[in-house]
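Numbered according to numbering that gives the first Met the number 0, the sequence shown spans residues 0 to 377. From the three backbone atoms N, C-alpha and C, an ideal C-beta is built for every residue, glycine too. Taking it in order: structure first as structure tokens, then the write-up.
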Amino acid sequence: MPRPAIALFEKTFGTTPRVAASAPGRVNLIGEHTDYNGGPVLPIAIAARTTAAIGPGPEGEPGVLEAISARDNAVVRLKWQEELPKNWAAYLGGVLRELWALDTIPADTGARVAVASDVPVGAGLSSSAALTVAVARAFAPGLTPRQIAGVAYRAEHDHVGVPCGTMDQTIAALGKRNHALLFECASLEAQQIPFSARLLLVDTGSRRDLATSKLTERRTECDEAVKRLKVELPELVWLASWPVEWLPRLKRALREPLRSRAVHVVSETARTRFAAQLLAAGKIKQFGKLLFESHESCRRLYECSSPELDTVVGAAQRAGAWGARLTGAGWGGAAIVLVGKTDKKTIPAIQRAYQHAYGRTPPITAVQASPGAHAERI
Ligand code: GLA
Numbered sequence: 000m001p002r003p004a005i006a007l008f009e010k011t012f013g014t015t016p017r018v019a020a021s022a023p024g025r026v027n028l029i030g031e032h033t034d035y036n037g038g039p040v041l042p043i044a045i046a047a048r049t050t051a052a053i054g055p056g057p058e059g060e061p062g063v064l065e066a067i068s069a070r071d072n073a074v075v076r077l078k079w080q081e082e083l084p085k086n087w088a089a090y091l092g093g094v095l096r097e098l099w100a101l102d103t104i105p106a107d108t109g110a111r112v113a114v115a116s117d118v119p120v121g122a123g124l125s126s127s128a129a130l131t132v133a134v135a136r137a138f139a140p141g142l143t144p145r146q147i148a149g150v151a152y153r154a155e156h157d158h159v160g161v162p163c164g165t166m167d168q169t170i171a172a173l174g175k176r177n178h179a180l181l182f183e184c185a186s187l188e189a190q191q192i193p194f195s196a197r198l199l200l201v202d203t204g205s206r207r208d209l210a211t212s213k214l215t216e217r218r219t220e221c222d223e224a225v226k227r228l229k230v231e232l233p234e235l236v237w238l239a240s241w242p243v244e245w246l247p248r249l250k251r252a253l254r255e256p257l258r259s260r261a262v263h264v265v266s267e268t269a270r271t272r273f274a275a276q277l278l279a280a281g282k283i284k285q286f287g288k289l290l291f292e293s294h295e296s297c298r299r300l301y302e303c304s305s306p307e308l309d310t311v312v313g314a315a316q317r318a319g320a321w322g323a324r325l326t327g328a329g330w331g332g333a334a335i336v337l338v339g340k341t342d343k344k345t346i347p348a349i350q351r352a353y354q355h356a357y358g359r360t361p362p363i364t365a366v367q368a369s370p371g372a373h374a375e376r377i
């Protein structure tokens with residue numbers, strides 16, 4: 000997908016860009032709402048990517064960024080050292096500020112940026128991390144993938160103010176073809192695990208802005224749960240570090256809704272580590288069962304599902320799929336479905352159930368673990 004960004008750059012700014020880089024969207028196989036609680040995640044990068052083409056800024060205007068996105072085709076201008084705008088270019092400003100903080104770019108850096116993407120926005124596929132990681136990679140090809148992930152995370156979390164964890168930027172930077180990434184968000188340990196099973200992505204089409212406010216609410220609840228659990232275990236820093244054998248003690252210590260949220264995080268943490276072991280051992284059907292369990296925990300305890308997502312997962316389960324669950328923050332967006340290579344029943348079963356409930360069929364595509372960020376040839 001690099002061509003559209005390069006062509007857009009040339010058409011808009013009348014010159015050729017100097018550098019281009021791209022980064023992928025992602026789906027998370029398991030480990031939901033664990034990243035900001037210091038637990039593990041197990042995402043894959045997908046084939047859909049965002050490309051950023053960049054060149055020198057407008058002449059005689061140091062510190063000025065001019066950016067265009069193929070989505071709205073309008074040039075936005077900003078001085079990234081000043082207050083960031085309330086539009087998508089704030090993500091670019093955040094990246095430049097972080098690169099400057101790392102001494103990677105000078106304070107008066109100006110640039111022109113053109114962006115094109117086939118990662119859908121609001122589908123829970125992490126279009127924002129694809130953007131920040133692609134832009135960071137284009138501006139700072141000398142940084143390591145982990146440094147790129149850090150820059151992109153802080154751009155989104157600290158500068159734009161999105162209450163995200165580190166999963167999305169990490170997989171966008173470190174993704175590997177035919178591999179899932181087990182990433183421990185507290186210790187930062189990373190392990191690539193072969194993954195080439197047949198995985199379907201079902202986009203429910205519900206785009207809920209709710210996700211940000213709900214994510215903020217959940218993060219507050221998790222922080223509150225840690226505060227209370229510190230009375231029992233003073234050295235507790237991350238909710239995900241609460242020992243899973245001590246769930247009864249946790250349940251006694253917390254009231255609802257904190258109890259349900261914390262039980263989800265602690266059990267999802269154990270489930271994700273177990274799932275990674277099963278995957279590494281090639282036990283894909285047993286792995287799939289944990290996806291169903293994860294969905295149930297998201298639905299009942301973390302309350303981050305939606306009726307549409309439940310319809311998809313329920314239909315997949317009844318049709319004999321190996322596993323299915325919501326992916327990403329939830330409250331709408333997409334579900335993943337794990338099926339055998341020869342399975343022919345699951346797709347029509349999901350389509351029928353969805354048609355029956357909502358009067359339309361959702362787009363269903365196959366996804367494959369794809370490479371993370373890299374430079375693109377101009
Ligand atoms: C969003 C955030 C991620 C992660 C997921 C839930 O996608 O951006 O960091 O917290 O929700 O697992």
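Relative to the Cα of G287, the nearest Cα in the group M166, R270, S116 belongs to R270. E81 has its alpha-carbon roughly 40 Å from the corresponding atom of T268. With a cutoff of 8 Å on beta-carbon distance, A275 and C303 are scored as not near each other. In the structure shown, L325 falls within a strand segment according to DSSP collapsed to helix, strand and coil.
By the Cβ neighbour-count rule, T341 is exposed, with fewer than 16 other Cβ atoms within 10 Å of its own. Across the set L130, R299, T169, the C-alpha of T169 shows the shortest separation from the C-alpha of A148. Taking 3 residues as the shortest admissible run, the segment 112 to 138 contains no complete beta strand (DSSP E) segment at all.
Assignment of N27 by DSSP, reduced to helix, strand and coil, places it in the strand class. 8 Å or more divides the Cβ of A196 from the Cβ of A333.
Residue L77 holds the alpha-carbon nearest to the alpha-carbon of E60 among A51, L77, A47, R70. Just so you know, the alpha carbons of D107 and P39 end up roughly 39 Å apart. When the Cα atoms are used, P247 and R217 turn out to be separated by approximately 21 Å. Put simply, the segment 240 to 258 does not touch the segment 156 to 171. Fewer than three CB pairs are less than 8 Å apart.
By the neighbour-count criterion, in which a residue is buried when 16 or more other Cβ atoms sit within 10 angstroms of its Cβ, L187 is exposed. D202 sits in a strand when the DSSP states are folded into three classes.
The C-alpha of T364 lies about 9 Å from the C-alpha of D202. For E183, the enclosing beta strand (DSSP E) begins and ends at 178 to 183. Sixteen is the threshold: since fewer than 16 other Cβ atoms of the shown chains lie within 10 Å of the Cβ of V236, the residue is exposed.
Within the same chain, Cβ atoms closer than 8 Å to the Cβ of S259 are found at R299, L300, Y301, E302, the five residues on either side in sequence being excluded. The continuous stretches of beta strand (DSSP E) do not include H294, which lies in the alpha helix (DSSP H) extending over residues 283 to 299. Residue burial is scored here from C-beta neighbours: D157 has fewer than 16 other C-beta atoms within 10 angstroms and is therefore classed as exposed. When DSSP states are grouped into helix, strand and coil, P84 belongs to the coil group.
Between the C-alpha atoms of Q316 and Y357 there is a straight-line separation of about 19 Å. Your pair A20 and A137 checks out as a contact, with CB atoms roughly 4 Å apart and the cut at 8 Å.
Taking S293 as the centre and dropping the five residues before and after it, the same chain places the C-beta of I29, E31, E267, R270, R324 closer than 7 Å to its C-beta, in chain order.
It is roughly 29 Å from the alpha-carbon of V262 to the alpha-carbon of S126.
The beta carbon of D167 lies closer than 7 Å to those of R25, S125, A128 in the same chain, with the five residues before and after it left out.
The Cβ atoms of V132 and A151 lie closer than 8 Å to each other.
Distances from the CA of F12 to each of H178, G56, D222 were compared; the closest alpha carbon is that of G56.
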